[in-house]
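Residue numbers (this note's numbering): 1395 to 1583.
Cβ atoms here follow ideal geometry from the backbone N, Cα and C, with glycine treated the same way.
Please read the structure below before turning to the comments.
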């Protein structure tokens, strides 16, 4: 049987740990996003599965708004997870590992930012996108899990949720993402 209360306590404990240990990194991540947007760049998001949904969620928060309590102009955010024709063509013609890298190559410009989301920190297609981002002068903000995996050292700023359960990591990624967007929009708008 699933212990729902234990699941809530585990997530609450992770959020407490992030509140204690990651505030400075969250502020650095928001600074990276704010600097990107203030300079006329865009923020691209990528991730697989639940992290793909998180990519869409956070890109939407930039374009639309996080809260009606803070009206502001639209900010350029783009989820690289949404075009099924592009994703399936790239996976078929190249490989699944190239689905985000190909888009970063086509759409990314120096001065943009890529938000790389991976609950393990080791997603091959996210790693490939980060490598292309670096080649193009695009800074990288990572939302990662576990020990940060192979992505952590590739990120300009890495926010790592110290858990291995993808569900717990994703719950914390959204909390981190909302804080990043709240700080960013207040700095830029």
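Three-state secondary structure (DSSP) of residue i
i: residue 1508; result: strand
i: residue 1537; result: strand
i: residue 1501; result: helix
i: residue 1412; result: helix
i: residue 1575; result: helix
i: residue 1490; result: helix
i: residue 1519; result: helix
i: residue 1513; result: coil
i: residue 1406; result: helix
i: residue 1396; result: coil
Neighbourhood of residue i by C-beta distance below 7 Å, restricted to the same chain and skipping five residues each side
i: residue 1565; result: 1405
i: residue 1428; result: 1578, 1581, 1582
i: residue 1563; result: 1513, 1539, 1555, 1557
Cβ neighbour criterion (16 or more within 10 Å) applied to residue i
i: residue 1511; result: buried
i: residue 1436; result: buried
i: residue 1506; result: buried
i: residue 1396; result: exposed
i: residue 1579; result: buried
i: residue 1442; result: buried
i: residue 1519; result: buried
i: residue 1455; result: buried
i: residue 1522; result: buried
i: residue 1494; result: buried
i: residue 1533; result: buried
i: residue 1379; result: Outside the displayed span of the chain (1395 to 1583) sits residue 1379, for which this structure offers no information.
i: residue 1430; result: buried
Close-in-space but distant-in-sequence residues of the same chain around residue i (CB under 6 Å, 5 per side omitted)
i: residue 1370; result: Nothing can be reported for residue 1370: it is not among the residues displayed for the chain, which extend from 1395 to 1583.
i: residue 1422; result: 1551
i: residue 1543; result: 1514, 1515, 1516
i: residue 1481; result: 1493
Residue i - partner residues in DSSP beta bridges
i: residue 1552; result: 1536
Cβ-based neighbour list, residue i, same chain, cut-off 8 Å, excluding 5 preceding and 5 following
i: residue 1457; result: 1468, 1469, 1470, 1471
i: residue 1573; result: 1420, 1424
i: residue 1559; result: 1404
i: residue 1411; result: 1556
| Which ranges does the alpha helix (DSSP H) cover as unbroken runs of at least 4 residues, wholly within the segment 1415-1487, from first to last along the chain? | 1417-1432, 1444-1457, 1478-1487
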